[in-house]
Amino acid sequence: MIEQTLVLLKPDAVQRGLMGEIIKRFEQVGMKIVGIKMVWMDKEFSKKHYAAHIQKPFYKGLEEFMTAGPVVALAIEGLHAVETVRKMVGDTEPKKALPGTIRGDYAHHSYAYTDKRGIAIKNLIHASGNAEDAKQELALWFGKKELQTYKTVHEMHVF
Ligand code: CDP
Ligand code: MG
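Okay, structure coming up:
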């Protein structure tokens, strides 16, 4: 039941100074940050991370967006971490993402605006979609030695 998942704070989150605000939300629910680093992706790495989307019409804009500045990669651990983090992140389209979610609280971009211009929807954050993706993405982003094992106070009350 205790899972790990990958989160990326995308270049818009870093450039808007929202790293702390977003990381705070995961800490607040008692999730454990077990890996963290800042990385400036190149196109090759973007194609590995978004392999499932390379053929899609929005990929070019997505790659431009994701390689336009550094991202912060987080390995997050918690009960049902994959599902819980996705819930906290909210809908892919910020226009549709509910208030209370990260995308809903800090962004309002719409497909109607971005698709017409061939640009990516700026939605601040990536989170693994399911347990299998999480495993693959964590292996792509973090070496075994970069994932830490330690105890938090939450483990007394949450885990
Ligand atoms: O990130 P999420 O899993 O919610 O969505 P996705 O369907 O896996 O798409 C990956 C990313 O591609 C999104 O987070 C958007 O940044 C981008 N995207 C886009 O720019 N325009 C679209 N029409 C669809 C996705
Ligand atoms: Mg996805």
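The opening position of the sequence shown corresponds to residue 737 in my numbering, with each subsequent residue numbered one higher.
Where a beta carbon is used, it is the ideal one built from N, C-alpha and C, also for glycine.
Rounded separation between residue i and residue j - CA only
i: alanine 856; j: threonine 850; result: 6 Å
i: leucine 798; j: lysine 779; result: 10 Å
i: leucine 883; j: glycine 756; result: 20 Å
i: alanine 848; j: tyrosine 842; result: 18 Å
i: valine 775; j: histidine 893; result: 33 Å
i: glutamate 873; j: histidine 785; result: 7 Å
i: leucine 876; j: lysine 887; result: 25 Å
For residue i, the residue or residues it bridges with in DSSP
i: glutamate 813; result: Gln740, Lys768
i: methionine 774; result: Val808
i: leucine 798; result: Its beta-bridge partners do not exist; DSSP assigns none.
i: threonine 888; result: According to DSSP, which records beta bridges pairwise, threonine 888 is partnered with nothing at all.
Same chain only: Cβ atoms within 7 Å of residue i, ignoring 5 sequence neighbours per side
i: glutamine 751; result: Gly805
i: glycine 826; result: Ala833, Leu834, Thr837, Ile838, Arg839, Gly840
Close-in-space but distant-in-sequence residues of the same chain around residue i (CB under 8 Å, 5 per side omitted)
i: leucine 810; result: Leu742, Val743, Leu744, Leu745, Ile759, Phe762, Ile769, Gly771, Ile772
i: threonine 828; result: Arg839, Ile857, Asn859
i: lysine 796; result: Gly854
Close Cβ partners of residue i (< 6 Å) along its chain, the five nearest in sequence each way excluded
i: glutamate 737; result: A small correction: the amino acid at residue 737 is methionine; glutamate does not occupy that position in the sequence shown. The answer, listed in chain order, is Leu815.
i: lysine 858; result: Asp748, His845
i: phenylalanine 794; result: none
i: histidine 890; result: Gly766
Span of the beta strand (DSSP E), counted from its first residue to its last, around residue i
i: proline 862; result: Per the sequence presented here, residue 862 reads as histidine, with proline not at that position. Looking at the DSSP string, the run of the beta strand (DSSP E) that includes histidine 862 is 861-863.
Host alpha helix (DSSP H) of residue i (start-end)
i: proline 747; result: 747-751
i: threonine 850; result: 847-853
i: alanine 787; result: Run containing alanine 787: none; DSSP gives neither H nor E here.
i: leucine 874; result: 867-877
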